[in-house]
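Note sheet for the following structure.
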Amino acid sequence: MTHVHAQPNSMNREVRVALHPRALERFRNRNGKSVSRVLFDVGMNAMDFRACLHEGFTLNDVARLADALGTTPRELTTASTVQATADQLRRTPVTREGAR
């Protein structure tokens, strides 16, 4: 998932939220923590984290990540949305008709 939105998981109806890896990295750098320290603070191993990058994070995961990164869940999801939108715009070709 490259965009942020909450979606129910069809098997257990758990809400999953996509977070952009570059947004997470910016918060981690700003906070001065290593990847291993953030994962330890969140209580997640690297394999689970990678799985969540593809399947989405639970609301509890987002709250724990935000806390570990010194921010709020809302700021984390907003930054992820902005990053995903920027990535999408960079991938969208501009045509002569569309350029004004």
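The numbering of the sequence shown is the UniProt record's numbering, which starts it at 1 and goes up by one. C-beta: ideal position from N, C-alpha, C; glycine also.
Asked                                                                                   : Found
From M44, R50, A51, residue whose alpha carbon lies closest to that of A63              : M44
V35 vs A68 beta-carbon contact at 8 Å                                                   : no
Endpoints, the beta strand (DSSP E) within which R16 is located                         : 15 to 17
Three-state secondary structure assigned by DSSP to R72                                 : This sequence places Thr at residue 72; Arg is not what is there. Coil.
The segment 66 to 81 / the segment 45 to 54 touching (three or more Cβ pairs under 8 Å) : no
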